[in-house]
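Chains as they are written, first to last, in our numbering: chain A, 213 to 328; chain B, 13 to 128. We treat Cβ as the ideally placed atom computed from N, Cα and C, and that holds for glycine. Everything below concerns the one structure shown next.
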């Protein structure tokens, strides 16, 4: 139990296009999901916290108009990288909190984005 | 402010050696959670342990053991009789109860290379 999936696992796109990444909790409901970005040989940096039915909370320095987050249901959150540029190339990882009263996050396998 | 420090950037050991990965944290919260995750080359984070601030008992799980010392704000991780499959990046992370979202603050990671 407690499986989180991400789709796609890998995407290559041209500069200027938008890319949508899906994060799904497969066997539990997640009121809170998190989006992280990881550059090569670096740590995971939290981008935003996504709550079902409300606006995402973005970390300082993360452009909310560039990284659109939608958490429309208890099992799905999406991250859209708008007008992607080569510097947006990174490994994007989502996680889901199974129980809002219990500190337990489950991580997806990640999505590797390459912007040409 | 909360912070997690993993001073060891890379460690290289020969198989069967014991190795300790250090983690030092900073928090103003009295209730918090500490985690260790393993990130193999595939990229997917593997959960290893969660420890809350009220539980200072050391824990052993097979070849893995953890030493939590509140007095020094450290949560170190030891692998005994290391194996090549232990080669990965290991992250220590902190989550504070003051933050109801339970977001994770990651350390910079320690890259462990176990040589045959």
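The C-beta of residue 305(A) comes closer than 9 Å to at least one C-beta of chain B. With a threshold of 9 Å between beta carbons, residue 226(A) makes no contact with chain B. Taking a cut-off of 8 Å on C-beta distances, the segment 15 to 22 of chain B touches the segment 30 to 37 of chain B, as three or more cross pairs fall below it. In this structure, DSSP gives residue 276(A) a state outside helix and strand, which the three-state scheme calls coil.
Counting only Cβ-Cβ distances below 7 Å, residue 309(A) has contacts in chain B at 114, in chain order. Here the alpha carbon of residue 285(A) sits roughly 10 Å from the alpha carbon of residue 244(A). Chain-ordered, the chain B residues with CB closer than 9 Å to the CB of residue 319(A) read 49, 56, 57, 58 and 59. Secondary structure of residue 17(B) (DSSP, three-state): strand. Interface criterion not met: the Cβ of residue 251(A) is under 9 Å from no Cβ in chain B.
Counting only residues of its own chain and dropping the five nearest sequence neighbours on each side, residue 303(A) has a CB closer than 6 Å to the CB of 250, 322 and 324. Restricting attention to 41(B), 25(B) and 30(B), the CA atom closest to the CA of residue 13(B) is found in 41(B). Chain-order list of chain A residues neighbouring residue 120(B): 254 and 255, by C-beta distance under 9 Å. Interface with chain B (9 Å Cβ-Cβ cutoff): residue 282(A) is excluded. Taking 9 Å as the cut-off, the beta carbon of residue 225(A) is found no closer than this to the beta carbon of residue 306(A). One thing to note: residue 109(B) has its Cβ no nearer than 9 Å to the Cβ of residue 125(B). Looking at the DSSP output, residue 88(B) bridges to 79(B). Within the DSSP bridge table, the entry for residue 271(A) names no partner.
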